[in-house]
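FYI, the numbering used here numbers position 51 of the sequence shown as 86, with every residue one higher than the one before it. Note that CB positions come from ideal geometry on N, CA and C, so glycine has one too.
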Amino acid sequence: MACAAEHAAFNFVAVMAATAAVQQHNGRPVEGSALAMGAAAALLPSLPDVLEPAIHPNHRRFFHSLTFAIAVGYGLHRAYKWEAQEPWEQLARMVALVAGAAYLAHLARDAFTARSLPLV
Numbered sequence: 036m037a038c039a040a041e042h043a044a045f046n047f048v049a050v051m052a053a054t055a056a057v058q059q060h061n062g063r064p065v066e067g068s069a070l071a072m073g074a075a076a077a078l079l080p081s082l083p084d085v086l087e088p089a090i091h092p093n094h095r096r097f098f099h100s101l102t103f104a105i106a107v108g109y110g111l112h113r114a115y116k117w118e119a120q121e122p123w124e125q126l127a128r129m130v131a132l133v134a135g136a137a138y139l140a141h142l143a144r145d146a147f148t149a150r151s152l153p154l155v
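Below is the structure:
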């Protein structure tokens, strides 16, 4: 089972990639993106383990499943395609992208453990 520090490091890379992708897509930095990136890097590395606490090796259920990963990936795609106009919409879009990337990075890290991920 991956520890919190491994998830934090792995998710920090995912958060940086999501932020760079959004800023490249927009052509300019999003106001508040540094704050959103920092908050996500600090708070989201173990979100799946908050929803399903890692109290034993078989803790992975729906929120650690391939089905949920597909749902998060679809939400991430929709957030990426969102043409946000207002500053609060741009910040909400950034947070959604960073949160989705961090969540998927956690699941990707868990997928390469001995227990892997359940289908549902």
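Note the first and the last residue of the continuous alpha helix (DSSP H) segment covering Trp123.
122-146
Checking 7 Å against the spacing of the C-beta atoms, do Pro83 and His141 come in under that value?
In this structure, His141 lies closer than 7 Å to Pro83 by Cβ.
Would you report the Cα separation of Ala119 and Leu111, rounded to the nearest angstrom?
14 Å
So, helix, strand or coil for Ala149, using DSSP?
coil
Cα separation between Ser81 and Glu121?
30 Å
So, at 8 Å on beta carbons, what are the nonlocal neighbours of Arg95 in its own chain, with the 5 sequence-adjacent residues on each side left out?
Taken in chain order, the residues that qualify are Glu87, Asp145, Arg150, Leu152, Pro153.
Would Thr102 and Val155 be called neighbours here (beta carbons separated by less than 7 Å)?
A contact, by the Cβ cut-off of 7 Å.
From this set, Leu79, Gly135, Ile90, which residue's C-alpha is nearest Arg11's C-alpha?
Nothing can be reported for residue 11: it is not among the residues displayed for the chain, which extend from 36 to 155.
Extent of the continuous alpha helix (DSSP H) to which Phe18 belongs
Outside the displayed span of the chain (36 to 155) sits residue 18, for which this structure offers no information.
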